[in-house]
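I have placed the structure first, in the form of C-alpha cells, so that the comments after it can refer back to it.
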Amino acid sequence: MKRFIQMTMMLMVFSYFSGQAQSRKISISSNKLPLTRILEQIEKECTYSIVYSNEVIPDTVLVTVNVKRISVAELLDKILPEKQLFYKMMSERMLVIGSNRTVRLPVEEAENKITLSGRITDQKKNVLAFASVGLLQGLSYVGGSISNDNGVFQLSYPFKTQVKYTIKISSIGYQPLSVDFVYPDTVALKNLLLKEEQHTLNTVSITAARPLIERKTDRYIVNVEGSALADGNTGLEVLQKSPGIWVNSEGAIKIKGNQSVMVMINDVVQRMSEEDLAQYLRTLRSEDIKKIEIISNPPSEFEAAGAGGIVHIVLKKARMDGFAGQIGTAYKYGNRPFYAGGASADYKVKNLYAQGNVSLVKDKSNYIGGRADIVYPDQSTYAGRTDRYNDNSRDQYRFGLAYDLSKNQLIGLQVMGAGSEMLQTFKTSILLNKPAELISGNALSDWVRRPKNTGATLNYLLRLDSTGSTFKVIGDYVQSSKTELNDFTSQYTDPSRNSRYRNNTPNLTKIYSLQADYTKVLNSKLELKTGLKYVSAKRDNTILSEDFIADEWVKNTGTSNQFIYDEHLLMAYVTLEKNIHKTSIKLGLRAEETDMKGNSITSGQTFSRKYLGWFPTAFLVQKLNEKTGSAIYLNYSRRLRRPQFNYLNPYRLQLNDYEVMTGNPDLLPEYTHKIELGYNFWNGFSADVYYSRTENTIAQFVNPIADNVIEYQPRNFNNSSDYGITLDAPVKLFKWWTTNNSVVLFHLATEISNFKVDQYSVYAKSMHTITLKHLFDFDMFANYSSPYVTSNSKMGYIFYLDLGFTKKLLDNQLRMRLSLTDIFDTFKEQEYTNYKDTRISSYQKRPTRTIGLSLSYSFSSGKKFKNKKIEQSNEEEKNRIGN
C-alpha cells in the first residue's frame, strides 16, 4: 500500500509539471512584421515545428499583433484567419499551415458540395505528405487542403459542370505545379507529379524530431528510431523500456494487466512460445527497429489471437535513392561480459529496393544465490540454493527485396534467420528436513539448447485508385527447430536418493500462411475492408529420457514420447468504417475456424478438435478538437488464445528430483470479452478504463504431488477478470527536458475449482530525456511493478532505474552511448504459492546492474539536398518490404 501511495504521489507531481508545461504562454509585439518571423519565434520559444511553403506564406505577408501571455493555439487563431490561412496539428509538437482563401458561397451552394480527391507523388513515385493544395476559380481561391501521409488530398466545393478550375500544389523542395481541369473531367487530378527543385534549396529548414510516443485512436506508437532506445539494446530490451509495454523476467510480454499478447514483425505474426519468442527478440538490434505499434484492442482486420492485444514491431526500410547503412557494436559488463555487433544496409535505385541486416551476440552471466523453499503439509521442508552459469550466443540475419512493377503495383520478398546456443550449468545445494531425518545433497544440471528459426515472406500490393483503395497478398513460411539436452546428476547423504538421468527434447515446427486483404474507399467518409487468411502448422516433438544405470544410458520408456501436432486455421473478416462529422464508427466481424489433431506416437493417444469462433469488434470515436487531437473513444472486441503447441503434448519431463513439467492434451482455447473507454487529451495525454473477462483461462498451474515433488502443468481455469485504469502523460518540462510517463492500476482475479486468487496491482514507468546542446543527451528510465498474480501464484514487486548518456559526433553520423542499468541493484524475482497446504517461495537475482558502451556509425551516399537539410520526421515511410 505504501508503494501504491508513492506511485500516486509521483503521478500527481507529473500532472502538476504537465500543467505548467502545457500552459506555457507566448508574448509578441510587432508592427507589420513578416508572418514567417513570427512563426520562427513560436518555434524557438515553444519548441514547435511548423511546416509550410513559400507558396502559402511568402515573405510579403505582414502581420501586426500585440499580445501578452497567450497560448500558441490562441495566437494562431488570431493571426491566421485574417490571412486566409489555417493550421492542423500533425503530431504532438508539429503543425502544418495551409491556405484556405475561399470566396463566400450562397447557402444553397454550400449545402451541395462535391468532394474530389487526388494523389501527389514525386518523380520516383514517393508519396508527398503535407503538400499544400489550393483550388482556384479564375483568380479567386475557393478551397484549400493538405495531402495526408499517403499523399492523398480532398477538396470539397459545389463544382459546376463545364466550369474551368485550377489546382495549385506546392511542397518544400519541389517546383510548384498548376493543373487546369473542366468539371466533371477530373482525370488529371488522380496522379499529380511534382518535380524537385533544381537549384539550391533556400526555403525554411525544418528539423522536427519525432516524439517518442504518438497516440492514435486505436493504438499508440513508440518511435524507437532516433530516440534513447535506439542504441545498444536488444529487441526485447526495447520492449521492456517502451512506455505501455510490460516484460517480466522470463520475457513474457503484456500490455495491460496480465493478459498475453500477439507479437508481429513487419505484418507477420510470430507463432512461437513465450520462451522461444523472447530468445528471438534478443537477436534483434535496437538500431534496426523503426517503431513499435501497441494495439490494446485490435480491430477485425487483425487475427483474434492475443487477449491482451498486439505488439507490432516495424523494422527500418529504404527511404531515398542511394545507398545507406549502419554498423554498430556494444559491450556490457555485469559479473561477466556481453558483446554485440551488427550491421544494416539498404539500397534504393529507381523501382528497386534492397535491404539487409545481420547481428551477433555473445552473452555470459552468472546468477548467484537463487533460492527455493518449500514447506509441505507434514511440516517437512525443502531448501535449495542454486548458482547458475550462462554462456549464450545468438545470431540473426534478414534480407529483403522489393520492386515497383508499375506506379500502382509492387512486389517484395524477405528472408530471415535466427539462431541461438545457450549453454547453462546449474549447481544446487539441497537440504531436506523431514520429521524423522535430515538429508543434504548436491545437484548438477548441464543444459544445452540450440533453437533456430528461418523463414521467407512474399508480398504483392496493388493500388486500385488514388483514394487509398488497395489489394494486398502476403505469403509466409517459417521453420522453427530446437535441439535441447539436459544432463542431471544428484548425490545425497542418503545414497538411495542418488540419481542421474538426461532428457533429449528436439522439436521441429513448420508454418505456412497465405492471406489476401482488400480495402475499398467508397467515398471520403466510408471505407470497407475485407480479407481471407489460411494458416497450416505442423509440429514434431520428441522426448528421449534416459537413466544412467550400470555405467550406461538406458531409455526410460515410461517418460519418453514422440508427439505430432497438426493445426489448420481458416479466417475471414469484414470491417466498415463511417465518418459522420466529428464521429467515427467502425464495425467489424471476424470468423476463425480451427481444425487440430494431436497424435502421441509412443502411447497411441490421439485427439482432434474442430471449432468455429465469431469475433465482433466495435469502435466509436468522437473528436472534440481536431487541432489538439482530443477525442473520446469506446471500443469492444472478443478475442481468443489458443494453447501453445507444446502445452498439448501429453509428456512428462523431470527437471530435477523435486520438479516436473507435464503437458495437457485436454486444454481448450480461452475466450476474452474486452471493453475500453478512453479520453485523449491535448498534446498526447490520455486516460482510459478497461474491463475484460476470460473463460477457460490458460495458465501454468503449480501443484504439489506425491514424494515432495512440485508439478507444473498448463490448465484451464474457470474464468478470470481484469479491470483497470491507464494514464499516459508525455510532459515537456523545459525545451531541453522531456518525459514520458505511464501508470496502469489494475485488478486481476482468477478462479479454478474452489480456489481463487486476486490482487490489486500497479505498473509505472517514467522516461526522462535531457538534451544538452553541443554536449550530450542524458536519459533516465525508471520502472516499478507492484506484486501481482499469475495462475495460482503471486509475484513480488520489481523496481529498477537505468541511466544513459549519448554523444553525437561527425555531424550525427557517429553515436556513442554509455549506459548504466539497475544502478541500485534492486531488480529481483520473487514468487509465492500457497496451495493444498503447501507453501512455495522462490528468489532469484540476475546480474542486472551493468555498465555498457555502444558505438554506431551511419553512412549514406546518393541523392541529398545541396544546402539546408529538411527532416520531416513525422513522414511515414512506405511499407514496401515485409508488408
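If you read the sequence shown in this note's numbering, its first letter stands for residue 532, the second for the next number, and so on. Note that the Cβ used here is the ideal one computed from N, Cα and C, for glycine as well. The model shown is predicted, which means the values in this text are computed figures rather than measured ones.
Own chain partners of LYS1304 with C-beta closer than 8 Å, once the 5 adjacent residues on each side are dropped: Along the sequence shown, one-based indexing puts residue 1304 at 773. Here the set comprises TRP1267.
Note to self: I'd like to confirm the pairing. Which residues does DSSP put opposite PRO1318 in its beta bridges?
What the structure shows: If you number the sequence shown from 1, residue 1318 lands on position 787. DSSP lists no partner for PRO1318.
Would a C-beta distance cut-off of 8 Å place LEU1208 and PRO1174 closer than the cut-off? In the sequence shown, counting from the first residue as 1, residue 1208 sits at position 677. In the sequence shown, counting from the first residue as 1, residue 1174 sits at position 643. Not a contact, by the Cβ cut-off of 8 Å.
message: Tell me whether the stretch 1211 to 1219 and the stretch 1255 to 1272 touch, counting them as touching only if at least three CB pairs, one residue from each stretch, are closer than 8 Å.
response: Yes, the stretch 1211 to 1219 touches the stretch 1255 to 1272.
Exercise. Which class does THR567 belong to by DSSP, given the choice of helix, strand or coil?
Worked result: As a working note, residue 567 is residue 36 in the sequence shown. In the three-state reduction of the DSSP assignment, THR567 falls in the helix class.
| Using 8 Å as the threshold, is the stretch 1049 to 1060 in touch with the stretch 1072 to 1092, meaning 3 or more CB pairs across them? | In short, these stretches do not touch, since the Cβ pair count stays below three.
Q. According to DSSP, is GLN1022 helix, strand or coil?
A. What you label residue 1022 is simply residue 491 of the sequence shown in a count that begins at 1. Strand, per DSSP.
| query | Can the beta-carbon of TYR913 be found closer than 8 Å to that of TYR1178? | reply | Stepping through the sequence shown from its first residue, residue 913 is reached at position 382. Stepping through the sequence shown from its first residue, residue 1178 is reached at position 647. Not closer than 8 Å, so no.
Q | Strand pairing of ILE1042, partner residues [DSSP] | A | What you label residue 1042 is simply residue 511 of the sequence shown in a count that begins at 1. ILE1042 is bridged to VAL1009, ALA1068.
Which of the three DSSP states, helix, strand or coil, is assigned to VAL735?
On the sequence shown, position 204 is the one that residue 735 refers to. Interpretation of VAL735 is limited by its pLDDT of 36, a score under 50 that renders its predicted location unreliable; the figure taken from the coordinates is listed afterwards. The answer is coil: DSSP assigns VAL735 none of H, G, I, E or B.
Note to self: Rounding to the nearest angstrom, what Cα-Cα distance links TYR714 and VAL880 in this structure?
What the structure shows: Mapped onto the sequence shown, residue 714 falls at position 183. Mapped onto the sequence shown, residue 880 falls at position 349. Their backbone Cα atoms lie some 38 Å apart in a straight line.
*Helix, strand or coil for GLU1123, going by three-state DSSP, please let me know.*
Taking the sequence shown and counting its residues from 1, the one referred to as residue 1123 is at position 592. GLU1123 falls in the strand class under three-state DSSP.
*asked:* Rounded to whole angstroms, what is the Cα-Cα separation between TYR878 and GLY887?
replied: Taking the first residue of the sequence shown as position 1, residue 878 is located at position 347. Taking the first residue of the sequence shown as position 1, residue 887 is located at position 356. Their backbone Cα atoms lie some 9 Å apart in a straight line.
task = For the alpha helix (DSSP H) containing ILE1415, list its first residue and its last residue.
result = No information on residue 1415 is available, as it lies outside the stretch 532 to 1414 that the chain covers here.
Kindly examine the ligand SAH and report whether one of its heavy atoms sits closer than 7 Å to the Cβ of ALA761. With respect to the ligand SAH, the structure shown offers nothing to examine, as it has no ligands at all.
**Item:** SER678 (DSSP reduced to helix, strand or coil)
**Value:** As a working note, residue 678 is residue 147 in the sequence shown. In this structure, SER678 counts as coil in the three-state DSSP scheme.
Self-check item: the stretch 770 to 783 / the stretch 851 to 863 touching (three or more Cβ pairs under 8 Å)
Solution: The stretch 770 to 783 vs the stretch 851 to 863: no contact.
Practice prompt. Measuring alpha carbon to alpha carbon, tell me which of SER997, GLY1129, SER1168 ends up nearest SER678.
Written response: By 1-based counting over the sequence shown, the position of residue 678 is 147. The residue from SER997, GLY1129, SER1168 with its alpha-carbon nearest to that of SER678 is SER997.
### Message
If I measure Cβ to Cβ from VAL603 and keep anything under 8 Å in the same chain, skipping five residues before and after, which residues do I get?
### Response
Taking the first residue of the sequence shown as 1, we reach residue 603 at position 72. Contacts found: ILE557, ILE573, CYS577, TYR579.
| said: Quick check on the burial criterion: 16 or more other C-beta atoms within 10 angstroms. Buried or exposed for ASN984? | reply: In the sequence shown, the residue the question calls residue 984 occupies position 453. When all chains shown are included, ASN984 counts as buried.
_Please state the DSSP three-state secondary structure of GLY1062._
Reading the sequence shown from its first residue, position 531 is the one you call residue 1062. DSSP, read as helix, strand or coil, puts GLY1062 in strand.
Helix, strand or coil, according to DSSP, for ASP819 in the structure here? Numbered from its first residue, the sequence shown carries residue 819 at position 288. Annotated three-state conformation of ASP819 is helix, per DSSP.
I need the straight-line Cα distance from LYS1128 to ASP1097, nearest angstrom please. Position 597 of the sequence shown, counted from the first residue, corresponds to residue 1128. Position 566 of the sequence shown, counted from the first residue, corresponds to residue 1097. LYS1128 and ASP1097 have their C-alpha atoms roughly 5 Å apart.
Handout entry: Three-state secondary structure assigned by DSSP to ALA967
Key = Mapped onto the sequence shown, residue 967 falls at position 436. Reduced to three states, the DSSP call for ALA967 is coil.
message = Given a cut-off of 8 Å on the beta-carbon distance, is the pair LEU891 and GLY872 in contact?
response = Within the sequence shown, the letter at position 360 stands for residue 891. Within the sequence shown, the letter at position 341 stands for residue 872. Closer than 8 Å, so yes.
**Request:** Tell me, to the nearest whole angstrom, how far the beta carbon of ILE1095 is from that of ASP1071; I am working on the premise that it is less than 8 Å.
**Result:** Working through the sequence shown from its first residue, we reach residue 1095 at position 564. Working through the sequence shown from its first residue, we reach residue 1071 at position 540. With 8 Å as the limit, ILE1095 and ASP1071 qualify as a contact, their Cβ atoms being about 5 Å apart.
**Prompt:** So what does SER1292 bridge to, in DSSP terms?
**Reply:** To locate residue 1292, count along the sequence shown from 1; it is residue 761. Paired residues: PHE1277.
Residues near ARG650 by beta carbon distance below 6 Å, same chain, minus five either side | Position 119 of the sequence shown holds residue 650. Only residues of its own chain outside the window of five on either side were considered, and among them GLY682, VAL683, ASN722, SER997 have a CB closer than 6 Å to the CB of ARG650, listed in chain order.
Check your understanding: How big is the Cα-Cα spacing for ASN1038 and LYS656?
Key -> Translated into positions along the sequence shown, residue 1038 becomes position 507. Translated into positions along the sequence shown, residue 656 becomes position 125. Those two C-alpha atoms are separated by around 46 Å.
task: My understanding is that THR1269 touches THR1228, with C-beta atoms under 8 Å, so please give their C-beta distance in whole angstroms.
output: Working through the sequence shown from its first residue, we reach residue 1269 at position 738. Working through the sequence shown from its first residue, we reach residue 1228 at position 697. About 39 Å separates the two Cβ atoms, so there is no contact after all.
Once you ignore the five residues that flank THR595 on each side, which residues in its own chain have a CB closer than 8 Å to its CB?
Taking the first residue of the sequence shown as position 1, residue 595 is located at position 64. Closer than 8 Å at the Cβ level, and outside the excluded window around THR595, lie SER561, ASN562, LYS563, LEU564.
For THR1090 and MET1311, what's the separation of their Cα atoms in angstroms?
For the purposes of this step, residue 1090 is identified with residue 559 of the sequence shown, where counting begins at 1. For the purposes of this step, residue 1311 is identified with residue 780 of the sequence shown, where counting begins at 1. In a straight line, the C-alpha of THR1090 is about 50 Å away from that of MET1311.
Neighbourhood of THR1073 by C-beta distance below 6 Å, restricted to the same chain and skipping five residues each side:
Taking the first residue of the sequence shown as 1, we reach residue 1073 at position 542. Short of 6 Å from the beta carbon of THR1073, and not among the five residues preceding or following it, lie these beta carbons of its own chain, in chain order: PRO1037, GLN1093.
With a threshold of 6 Å on Cβ separation, who are the neighbours of GLY948 within its own chain once the five nearest residues in sequence on each side are excluded? Along the sequence shown, one-based indexing puts residue 948 at 417. If we look at GLY948 and ignore the five residues flanking it on each side, its Cβ neighbours are TYR928, THR985.
For LEU609, which of ILE559, VAL627, PRO589, ASP653 has the nearest alpha-carbon?
On the sequence shown, residue 609 is found 78 positions in, with the first residue counted as 1. Checking the displayed sequence, the identity of residue 609 turns out to be Lys instead of Leu. When only C-alpha atoms are compared, the closest one is ILE559.
How about THR1352 and ASP1333: do their beta carbons lie closer than 8 Å? The residue you call residue 1352 lines up with position 821 of the sequence shown. The residue you call residue 1333 lines up with position 802 of the sequence shown. At a Cβ-Cβ threshold of 8 Å, THR1352 and ASP1333 count as neighbours.
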